[in-house]
Amino acid sequence: MTESPTDDAATPGTTTASPPMIVMKDVQKHFGSLHVLRDISLEVPAGQVVVVLGPSGSGKSTLCRTINRLEPIDSGEIHIAGSLLPEEGKDLARLRADVGMVFQSFNLFAHKTILDNVTLAPTKVRKKSKADATKRALELLDRVGIASQKDKYPAQLSGGQQQRVAIARSLAMEPKIMLFDEPTSALDPEMVNEVLDVMVSLAKEGMTMLVVTHEMGFARKAADRVIFMADGAIVEDTDPESFFSSPKSERARDFLGKIL
Ligand code: ADP
Ligand code: MG
Numbered sequence: 142m143t144e145s146p147t148d149d150a151a152t153p154g155t156t157t158a159s160p161p162m163i164v165m166k167d168v169q170k171h172f173g174s175l176h177v178l179r180d181i182s183l184e185v186p187a188g189q190v191v192v193v194l195g196p197s198g199s200g201k202s203t204l205c206r207t208i209n210r211l212e213p214i215d216s217g218e219i220h221i222a223g224s225l226l227p228e229e230g231k232d233l234a235r236l237r238a239d240v241g242m243v244f245q246s247f248n249l250f251a252h253k254t255i256l257d258n259v260t261l262a263p264t265k266v267r268k269k270s271k272a273d274a275t276k277r278a279l280e281l282l283d284r285v286g287i288a289s290q291k292d293k294y295p296a297q298l299s300g301g302q303q304q305r306v307a308i309a310r311s312l313a314m315e316p317k318i319m320l321f322d323e324p325t326s327a328l329d330p331e332m333v334n335e336v337l338d339v340m341v342s343l344a345k346e347g348m349t350m351l352v353v354t355h356e357m358g359f360a361r362k363a364a365d366r367v368i369f370m371a372d373g374a375i376v377e378d379t380d381p382e383s384f385f386s387s388p389k390s391e392r393a394r395d396f397l398g399k400i401l
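Quick note on numbering: the sequence shown equals residues 142 to 401 in this note's numbering.
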């Protein structure tokens with residue numbers, strides 16, 4: 142792994158003066174008659190790693206998608222690093238670029254090389270020079286252990302390798318927040334850890350992260366906080382130790398009983 146000497150400013154514990162990275166206030170969201178996010182209020186300080194748990198259909202993906210406005214909300218407010226997330230326009234594009242997102246399906250561009258996948262958005266959206274974008278992409282690919290694959294195409298890589306490229310591609314936009322929506326759910330079991338290891342190292346470096354996952358090992362190792370959702374609402378919001386050893390709600394006890 143390469144150390145980058147320039148971007149170590151966000152050391153955990155030194156960020157107390159900055160505004161919370163994510164603020165959600167009384168957020169409501171419906172799909173037709175389905176009330177999919179119920180009065181969600183949430184503050185995530187810089188550097189915090191939040192694991193979001195909950196049964197299928199509880200609104201976890203929708204929560205992630207509203208944070209970078211892939212889904213509009215009905216009412217309430219979302220602030221990213223102190224700025225209100227607007228409905229549309231230039232400011233939305235700028236704020237959205239601050240929020241990286243990694244999905245279950247890797248969504249790499251099939252007809253572009255690994256290197257081009259990582260340099261595309263920084264050159265097109267961030268207007269970086271090709272040389273700068275390439276230099277940064279190579280650092281990031283090295284960091285996720287894929288540098289030697291840079292000239293290959295996505296289909297030539299394993300699922301775990303593709304997901305690590307997807308993480309490098311998100312990081313190339315220099316996001317302030319990383320959202321992960323079940324990033325290892327589509328992987329063969331032997332590839333899960335190579336992706337989780339990259340996420341754990343990001344967490345240790347102080348990245349603000351919101352991670353939807355069923356990987357309890359990751360939650361125990363890397364999470365500062367666990368949010369448990371059911372039926373579109375946040376039912377528990379606590380530290381991992383308390384959540385796993387003494388969940389307060391019947392819903393959480395039931396959920397843990399099924400997955401542990
Ligand atoms: P989770 O990620 O926790 O499984 P989701 O956020 O994907 O839950 O979905 C929450 C609920 O919203 C589910 O009942 C799902 O079927 C519904 N839903 C999600 N996306 C849409 C959509 N685009 N249109 C209609 N219903 C949706
Ligand atoms: Mg989901």
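Cβ coordinates follow ideal geometry from the N, Cα and C atoms, glycine included. Just so we're clear, the structure is a prediction, and the values are computed from it rather than from any experiment.
Given this structure, state the Cα-to-Cα distance separating Leu-261 from Ala-309, to the nearest angstrom.
As a first step, residue 261 is located in the sequence shown; it is residue number 120 there, counting from the start. As a first step, residue 309 is located in the sequence shown; it is residue number 168 there, counting from the start. Cα to Cα, Leu-261 sits roughly 12 Å from Ala-309.
Going by DSSP, name the residue or residues bridged to Gly-241.
Taking the sequence shown and counting its residues from 1, one reaches residue 241 at position 100. Met-319, per the DSSP bridge assignment.
For the ligand ADP, any of its heavy atoms closer than 7 Å to the Cβ of Lys-201?
Taking the first residue of the sequence shown as 1, we reach residue 201 at position 60. Under cutoff, so the answer is yes.
According to DSSP, is Lys-389 part of a helix, a strand, or is it coil?
One-based indexing of the sequence shown puts residue 389 at position 248. Of the three classes helix, strand and coil, the one that applies to Lys-389 here is coil, per DSSP.
Give me the DSSP bridge partner(s) of Val-185.
The sequence position of residue 185 within the sequence shown is 44, counting from 1. Answer by DSSP bridge pairing, in chain order: Ile-163.
Can you tell me whether Val-352 sits near the ligand MG, meaning its C-beta is under 7 Å from at least one heavy atom of the ligand?
Locating residue 352 in the sequence shown gives position 211, counting from the first residue. Outside the cutoff, so no.
Closest by CA to Val-353, which one among Glu-346, Leu-343 and Ile-368?
For this step, residue 353 is matched to residue 212 along the sequence shown. When only C-alpha atoms are compared, the closest one is Ile-368.
As a quick exercise: from Phe-359, Ile-221 and Glu-212, pick the residue whose alpha carbon is nearest that of Glu-184.
Here residue 184 refers to the residue found at position 43 when the sequence shown is read from its first residue. Nearest option by C-alpha distance: Ile-221.
Please return the same chain residues whose Cβ sits closer than 7 Å to the Cβ of Ala-327, not counting the five positions on each side in sequence.
Within the sequence shown, residue 327 is the residue found at index 186, counting from 1. Once the five neighbours on either side are set aside, the close Cβ partners of Ala-327 are Gln-245, Ser-246 and Gly-300.
Please confirm whether any heavy atom of the ligand MG lies closer than 7 Å to the CB of Asp-365.
The residue you call residue 365 lines up with position 224 of the sequence shown. For the ligand MG, not one heavy atom lies less than 7 Å from the Cβ of Asp-365.
Can you grab the Cα-Cα spacing for the pair Val-266 / Ile-219, in whole Å?
To locate residue 266, count along the sequence shown from 1; it is residue 125. To locate residue 219, count along the sequence shown from 1; it is residue 78. So the two alpha carbons sit approximately 23 Å from each other.
Thinking just about the alpha-carbon of each residue, which of Glu-323, Leu-226 and Gly-373 is nearest to the one in His-355?
Here the question's residue 355 lines up with position 214 in the sequence shown. The shortest C-alpha separation from His-355 is found at Glu-323.
DSSP three-state call for Ala-363: helix, strand or coil?
In the sequence shown, residue 363 corresponds to position 222, counting from 1. Helix.
Quickly, what does DSSP pair Ile-221 with across the bridge? List them, please.
On the sequence shown, position 80 is the one that residue 221 refers to. Answer by DSSP bridge pairing, in chain order: Ile-163 and Ser-224.
Does DSSP classify Lys-253 as helix, strand or coil?
Start at 1 with the first residue of the sequence shown, and residue 253 comes out as number 112. If DSSP states are grouped into helix, strand and coil, Lys-253 belongs with coil.
Would you say Gly-200 and Phe-396 are within 8 Å of each other, going by their C-beta atoms?
For this step, residue 200 is matched to residue 59 along the sequence shown. For this step, residue 396 is matched to residue 255 along the sequence shown. No, they are not a contact pair.
Who are the Cβ neighbours of Leu-279 in its own chain at under 8 Å, not counting the five residues just before and after it?
Residue mapping note: residue 279 aligns to position 138 of the sequence shown, counting from 1. Result list for Leu-279: Leu-256, Ala-288 and Lys-291, in chain order.
Which class does Ser-216 belong to by DSSP, given the choice of helix, strand or coil?
Walking along the sequence shown from the start, residue 216 turns up at place 75. Strand at Ser-216.
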